[in-house]
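This is how it looks when you write it as structure tokens:
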């Protein structure tokens with residue numbers, strides 16, 4: 011097996027393993043499948059479904075806490091009874107409902123944005139969201155979710171550059187209380203929350219206060235599996251390091267070992283619920299679970315211990331409820347933009363330093379995003395033209411040498427692959443040709459191709475943007491739908507992915523014609539596009555559109571280069587190079603390695619003959 015064959019097989023092996031990993035069903039999908047199979051089994055057996063109503067009633071009864079006279083005499087006892095009211099805070103971007111029961115944020119709606127099915131986009135829902143403080147008062151454990159707060163106003167509305175605040179108060183006595191001071195600016199995705207304890211130093215003492223925050227986030231995008239894949243809990247710790255948990259499975263993590271925690275985020279694919287602590291969190295736990303129920307993305311839970319600042323009785327916090335637009339998150343500070351996954355290692359820096367600035371510049375032109383992707387692809391192809399030309403030229407040299415290689419193969423035969431390879435290497439050396447010259451430029455382009463694989467699926471700007479027949483560039487376009495195929499987990503065909511696959515097959519055919527490849531390698535190149543068809547079928551149409559544009563432009567590029575490259579001139583140049591004395595030939599690193607390899611093979615052959 012020559013090096014080209016080995017390189018091709020190795021790359022295909024990596025693609026195959028990667029595709030198997032990507033196509034592997036998630037934990038949530040397995041849970042839903044188990045529930046479905048259980049339901050089918052019960053239906054076949056004729057047994058009734060579980061009594062959900064009765065179970066729910068028992069659960070609520072178990073959770074109910076009887077309020078007796080002793081409870082009223084305990085800390086904050088007078089606030090155990092009250093009327094649950096909704097206090098509405100609004101600005102140009104957010105509509106926030108506060109509840110007097112617990113003084114908490116009940117729900118958050120993003121104005122001007124919709125879910126995939128046209129419903130209002132609710133970040134947090136009252137039934138699936140909890141926020142409270144756990145503290146010790148008079149040597150008793152107290153949780154603020156059980157008490158009623160008194161609001162300073164019934165509503166709050168701000169616009170443009172205005173800002174205002176509203177206080178929710180939990181009273182211990184007339185001069186002793188806990189305040190939640192909510193502040194809102196007119197044009198902002200941020201909601202300030204300053205927690206103030208007044209006159210409670212002797213009551214609370216030095217014991218820490220813990221924030222308890224739980225939320226189950228509902229589906230907002232067309233593809234639930236994709237939304238779950240890009241949703242996880244992020245946190246900032248230590249020297250501005252950003253990490254995450256719960257990408258593909260249930261996960262729980264203890265935080266604080268590497269320093270204070272600056273913020274935590276319950277991140278969905280295109281939106282985030284971030285809680286920032288200006289003084290930081292000392293430590294805590296972060297928990298992520300993948301629900302089995304359809305329509306639910308992930309369940310998050312955080313228990314974080316508040317750190318004290320200069321004012322020991324004040325804890326300044328801030329929420330961010332908004333889109334995962336890179337520049338918007340960057341404006342928040344604290345490296346929150348790092349939760350947008352732009353790839354790993356050099357891929358991340360390619361996207362951040364090169365691709366994103368160019369994309370933002372094109373976006374400023376006000377063009378359709380389909381046109382922006384096309385222009386971005388053209389710019390990329392122009393930049394990579396020297397590498398493409400060098401790759402084509404190297405393949406053309408190999409094509410010109412093929413008759414001589416076939417002649418050597420006829421003389422030596424296929425029974426002695428070592429000798430055949432040695433003769434090939436001698437020919438390469440005389441002709442001054444690098445057989446890997448066509449692969450190396452393509453490998454140098456590979457990081458850029460892979461960088462786009464992370465860039466487009468995480469690009470908020472493509473959400474619900476249409477182009478041609480594609481109604482949403484941030485998700486797949488389905489022209490044919492059918493029942494889910496087991497194992498493959500496919501229930502549709504994406505037209506753009508299909509076009510991308512056809513264009514890849516056409517490009518592979520042209521490359522084979524250019525390089526003159528024969529045998530197994532002639533057909534191996536056609537396997538990769540078929541694998542991509544199954545893997546990328548559920549990926550964003552914007553990503554497949556980029557690959558389609560890249561293939562078409564590569565095809566055009568090769569046609570132009572083909573007119574510029576003359577095989578007869580290449581052949582004449584190779585023949586002239588073969589006539590030159592060895593002393594006049596400048597050895598490349600590859601040729602030097604070939605010489606070393608040939609000497610090693612010759613020495614091994616001599617030892618074998620002894």
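Numbering (my numbering), first residue to last: 11 to 620. We treat Cβ as the ideally placed atom computed from N, Cα and C, and that holds for glycine. Just so it is clear, the structure is predicted and the values come from calculations on it, not from any experiment.
Is residue i helix, strand or coil by DSSP?
i	result
residue 473	coil
residue 187	strand
residue 407	helix
residue 261	strand
residue 414	helix
residue 192	strand
residue 538	helix
residue 439	helix
residue 20	Because the pLDDT at residue 20 is just 48, under 50, the model does not fix this residue reliably, and the point stays unresolved.
residue 86	coil
residue 166	strand
residue 228	strand
residue 307	strand
residue 421	helix
residue 318	coil
residue 171	coil
Taking the continuous beta strand (DSSP E) assigned at residue i, which residues delimit it?
i	result
residue 332	324-333
residue 211	Careful: residue 211 lies outside any beta strand (DSSP E), inside the alpha helix (DSSP H) at 211-214.
residue 493	488-495
residue 1	It is not possible to answer for residue 1, since the shown part of the chain is limited to 11 through 620.
residue 503	500-504
residue 2	The question about residue 2 has no answer here: the residues shown for the chain are numbered 11 through 620.
residue 354	Note, residue 354: premise wrong, no beta strand (DSSP E); not H, not E.
residue 202	200-208
residue 125	Where residue 125 is concerned, there is no enclosing beta strand (DSSP E), given that its DSSP letter is neither H nor E.
residue 99	96-100
residue 277	271-277
Taking Cβ positions, are residue i and residue j nearer each other than 9 Å?
i	j	result
residue 328	residue 196	no
residue 454	residue 551	no
residue 293	residue 339	no
residue 353	residue 360	yes
residue 307	residue 397	no
residue 199	residue 86	no
residue 380	residue 478	yes
residue 112	residue 154	yes
residue 559	residue 418	no
residue 356	residue 427	no
residue 313	residue 223	yes
residue 133	residue 159	no
residue 271	residue 245	yes
residue 276	residue 225	yes
residue 201	residue 104	yes
List the residues that DSSP assigns as beta-bridge partners of residue i.
i	result
residue 118	106 and 134
residue 161	178
residue 223	141 and 312
residue 464	In DSSP, residue 464 forms no bridge with anything.
residue 251	247
residue 151	146
residue 513	None, per the DSSP bridge assignment.
residue 111	158
Tell me where the alpha helix (DSSP H) around residue i begins and ends.
i	result
residue 391	379-393
residue 371	366-373
residue 569	551-574
residue 236	234-239
residue 345	From DSSP, residue 345 is part of no alpha helix (DSSP H); its letter is neither H nor E.
Quiz item: How about the segment 484-493 and the segment 382-393: do they share at least three Cβ pairs that are nearer than 8 Å?
Solution: The segment 484-493 makes no contact with the segment 382-393: fewer than 3 CB pairs, one atom from each, lie closer than 8 Å.
Quiz item: Counting pairs of beta carbons, one from the segment 131-146 and one from the segment 233-250, are three or more of them closer than 8 Å?
Solution: no
Quiz item: Counting Cβ pairs, one atom from each stretch, are 3 or more of them under 8 Å apart for the segment 391-409 and the segment 491-502?
Solution: no
Quiz prompt | At least 3 beta-carbon pairs within less than 8 Å: the segment 286-301 vs the segment 126-139 | solution = no
Quiz prompt | the segment 316-335 in contact with the segment 247-266 per 3-pair CB rule at 8 Å | solution = no
Exercise. May I ask you to verify whether the segment 543-550 touches the segment 560-580, counting CB pairs closer than 8 Å and requiring at least 3?
Key: no
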